[in-house]
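Asker:
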Amino acid sequence: MKIVVCIKQVPDTKGGVKFNPDGTLDRGAMLAIMNPDDKAGLEAALRLKDQYGAEVTVLTMGLPKAKDVLLEALAMGADNAVLVTDRVLGGADTWATSTTIAGALRNMEYDLIITGRQAIDGDTAQVGPQIAEHLQIPVISYAQDIKVDGDTVTVQRQYDDRYHVVETKMPCLITALSELNAPRYMTPGGIFDACKAEVTTWGRADLKDVDDGNLGLAGSPTKIAKASDKVRKGAGEKIVPDSPEDAVSYIVGKFKEKHII
Amino acid sequence: MDFTLSKEHEMARQLFSDFAENEVKPLAQEVDEEERFPRETVEKMAKYGFLGIPVPKEYGGQGCDILTYVMCVEELSKVCGTTGVIVSAHTSLCIDPILTYGTEEQKQKYLPDLASGRKIGAFGLTEPGAGTDAQGQQTKAVLDGDEWVLNGSKCFITNGKEADVYIVIAVTGIVEKRGKKLKEISAFIVDKGTPGFTFGTKEKKMGIRGSSTYELIFTDCRIPKDNLLGQKGKGFNIAMHTLDGGRIGIAAQALGLAEGALERTIAYTQERKQFGKSISGFQNTQFQLADMATKVEAAKMLVYKAALKKDEYRSNPKISYSVEAAQAKLYAAEVAMEVTTKAVQLHGGYGYIREYDVERMMRDAKITEIYEGTSEVQRMVISANLLK
């Protein structure tokens, strides 16, 4: 079985989020870590490897320093690592990101692709399912348990107050929740081996069947008006309107101000 | 000269730090309070290879260098001195002499189990009448056919009852050197469960209370002839060389304790308010913290230098690292005692309460000035090299 795990280097939000004056994330002021949902996805892959003997490849897209999360994945037990990095890919939204990653995956053999549900720096949960769409394979999202039997994958899909049991044939894509498992630590020897291992680096030219118009900032339909820390919620604002009409007018005004409508 | 850590070492430090924070710190207070050996932590450390860091892969180890091992003991000791010394005694005092002096058969027999943590190691040199003075040894080993017969006892043995494999130093005869009659000393490997090998009392200690410190008793204990470690009569050199390595481990433990106490004191002095402001706002606090941090940094340089020197020794056994090890242990242990004492003082009344980590750290720090050669013995080693 060949498993590709898509991982992302994200800022560690444990100590709070730091912003630049222009509202973008101040990544330099925050430690970089492997996205927690992705790490759970990697652990799930490594457990399948322990159980069934799979070959696990980790794939990331990002700046050259994103190689750090690949080294961590190798030190945890992944077999191969691929870094997709190119200046023309910078500023990608979920559409351009999934297009890029699908372009890389078309060069690779896989039975199972695992991504995290969402990254803690963007919280969109879109990239995994979009990759599956690009590759025309089934997707099961929000996995809280994964079992493999032959070429069949059975997943417990988390859903509000219950879970769904979903079954599909491989090849398929699964998005993992951080609740899926407790990821293993690296080993000291694994670290030394990882730092000696070769990390495959691909650029734009290595992506298969992708259109330049769908890559990087230029190929990103999403425009970010403002970014904020979702964790810190203010006390809120209490308004006592004079009439229901005033209340509606105020709320609609706020929606427009916040680009909700 | 480059003070920048390699990528490998940076990642290893992060690993040890994460493990210590998540797995060791939550148990540290309980382990101390109940004088309980943290078996569950040892099993987790075994799973992740922490018990065989500097052991070559061919013997089931991690194949890393001494600096990585030192960083492991340091990070563990930042949160729990007990856990730090368990790894140090196992690695430096049991694995290292087998790796350095063992026959190929002994390495194949013992190292895979020790490096994987399936078995724990210990080292028995100290006796009621003989500590660093190895000539005071009373434990005897007599060859009888294909077996050595051990009689005597060892005290203050770290990992005592929890270990499975013991390096034991014993007298094997009398030799004459320069007209003087001296005890011939040899080293042996003894397995737990060997008939005639039992345990005495468990020591109740001031610090590192979760560490299993026991007396080992040998009564007509018969071990195979092949369990002689190194050459007969070379036991004193083996013991002293083993302690050189052990001192680097204890120096790392002391360094970790000092760093842990400093970290907690920095945080506490920023939180604690007196006279309307944080006590970190007072110049006395600032100067104390500055002195503590500077000494910790100096200790770190000596400890890492000793680790690098031992790494150099591993590829060139002609060189010695005993002075570097003695200096690292002497300084780091004294800094650990000073910094933890100041940490308690800066915590005020709370520092004297067991709920606060610095209270435990101060008690743990004291032993680093005593075991594996007291600070006075380190000064003897250092000055002997200056005056030779």
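Heads up: the protein sequence lines correspond to chains A and B, in order.
First residue of the first sequence? That's 1 in the numbering used here, and the numbers climb one at a time after it.
First residue of the second sequence? That's 262 in the numbering used here, and the numbers climb one at a time after it.
From the three backbone atoms N, C-alpha and C, an ideal C-beta is built for every residue, glycine too.
(1) Would residue 273(B) pass as a contact of residue 329(B) if the rule is Cβ separation under 9 Å?
(2) Take the Cβ of residue 396(B) as the centre, count every other Cβ of all protein chains shown within 10 Å, and call the residue buried at 16 or more, exposed below.
(3) Compare the beta carbon distance of residue 7(A) and residue 34(A) with 9 Å and say whether it is the shorter of the two.
(4) Please check if any C-beta of chain A sits within less than 9 Å of the C-beta of residue 268(B).
(5) Residues in the segment 69-84 of chain A with C-beta within 8 Å of chain B's C-beta atoms, listed in sequence order?
(6) By the DSSP assignment, the beta strand (DSSP E) with residue 59(A) in it spans what residues?
(7) Are the CB atoms of residue 75(A) and residue 276(B) within a distance shorter than 9 Å?
(8) Is it a yes or a no for the segment 442-453 of chain B touching the segment 476-494 of chain B, going by three-plus beta-carbon pairs under 8 Å?
(9) Kindly say whether residue 140(A), judged by its beta-carbon, lies nearer than 9 Å to any beta-carbon of chain B.
(10) Does the CB of residue 172(A) have a neighbour CB from chain B at under 9 Å?
(11) Who are the near neighbours of residue 132(A) in its chain, counting only those whose CB is closer than 6 Å to its CB and skipping five residues on each side?
(12) Under the rule that 16 or more other beta-carbon atoms within 10 Å means buried, what is residue 142(A), buried or exposed?
(13) Just to make sure I have the definition right: I need the residues of chain B whose C-beta is within less than 7 Å of the C-beta of residue 13(A). Which are they?
(14) So is residue 273(A) in contact with chain B if we call contact Cβ pairs under 9 Å?
(15) Tell me the DSSP secondary structure of residue 585(B) in three-state form.
(16) Can you tell me where the beta strand (DSSP E) holding residue 34(A) begins and where it ends?
(17) If you follow the alpha helix (DSSP H) that residue 548(B) is in, where does it begin and where does it stop?
(18) Can you round the beta-carbon distance between residue 490(B) and residue 613(B) to whole angstroms, since I take them to be within the 8 Å contact cut?
(19) Please classify residue 608(B): is it buried, with 16 or more other beta-carbons within 10 angstroms of its beta-carbon, or exposed?
(20) Strictly by DSSP, which residues pair up with residue 158(A)?
(21) Could you check whether the segment 587-601 of chain B touches the segment 529-543 of chain B, counting it as contact only if at least three pairs of C-beta atoms, one from each stretch, sit closer than 8 Å?
(22) At 7 Å on the CB atoms, spell out the chain B contacts of residue 192(A), in chain order.
(23) Count the other CB atoms within 10 Å of the CB of residue 262(B); is the residue buried (16 or more) or exposed (fewer)?
(24) Unbroken alpha helix (DSSP H) runs of length 4 or more, entirely within the segment 70-116 of chain A: which are they?
(25) Look up residue 485(B) in the DSSP assignment and say whether it is helix, strand or coil.
(26) Using a threshold of 9 Å, state whether the C-beta atoms of residue 391(B) and residue 411(B) are closer than that.
(27) Of the residues 303(B), 269(B) and 358(B), which one's Cα is nearest the Cα of residue 492(B)?
(28) DSSP beta-bridge partners for residue 434(B)?
(29) Please return the same chain residues whose Cβ sits closer than 8 Å to the Cβ of residue 475(B), not counting the five positions on each side in sequence.
(30) Against chain B, with Cβ distances strictly below 9 Å, would residue 189(A) count as a contact?
(31) Report the option in 345(B), 320(B) and 322(B) whose CA atom is closest to the CA atom of residue 331(B).
(32) Just reading off the alpha helix (DSSP H) that residue 370(B) is part of, what are its end residues?
(33) Quick one: residues in its chain with C-beta nearer than 7 Å to the C-beta of residue 499(B), no 5 flanking neighbours on either side, listed in chain order?
(34) Using only the alpha-carbon positions, how far apart do residue 47(A) and residue 633(B) sit?
(35) Considering only C-alpha positions, which residue in the set 515(B), 585(B) and 405(B) is nearest to residue 597(B)?
(36) Where does residue 408(B) sit, in a helix, a strand or coil, going by DSSP?
Answerer: In this structure, then:
(1) yes
(2) exposed
(3) yes
(4) yes
(5) 71, 72 and 75
(6) 55-61
(7) yes
(8) yes
(9) no
(10) no
(11) 139 and 173
(12) buried
(13) Those do not exist, as residue 13(A) stays about 16 Å from chain B at its closest Cβ, beyond 7 Å.
(14) Residue 273(A) falls outside the range modelled here, since chain A spans only 1 to 261, and no answer is possible.
(15) helix
(16) 32-34
(17) 544-576
(18) Not a contact, Cβ separation roughly 45 Å.
(19) buried
(20) 163(A)
(21) no
(22) 269, 324 and 325
(23) exposed
(24) 94-105
(25) strand
(26) no
(27) 358(B)
(28) 445(B)
(29) 418, 421, 422, 460, 461, 462, 463 and 464
(30) yes
(31) 345(B)
(32) 365-376
(33) 358, 362, 448, 490 and 491
(34) 42 Å
(35) 515(B)
(36) strand
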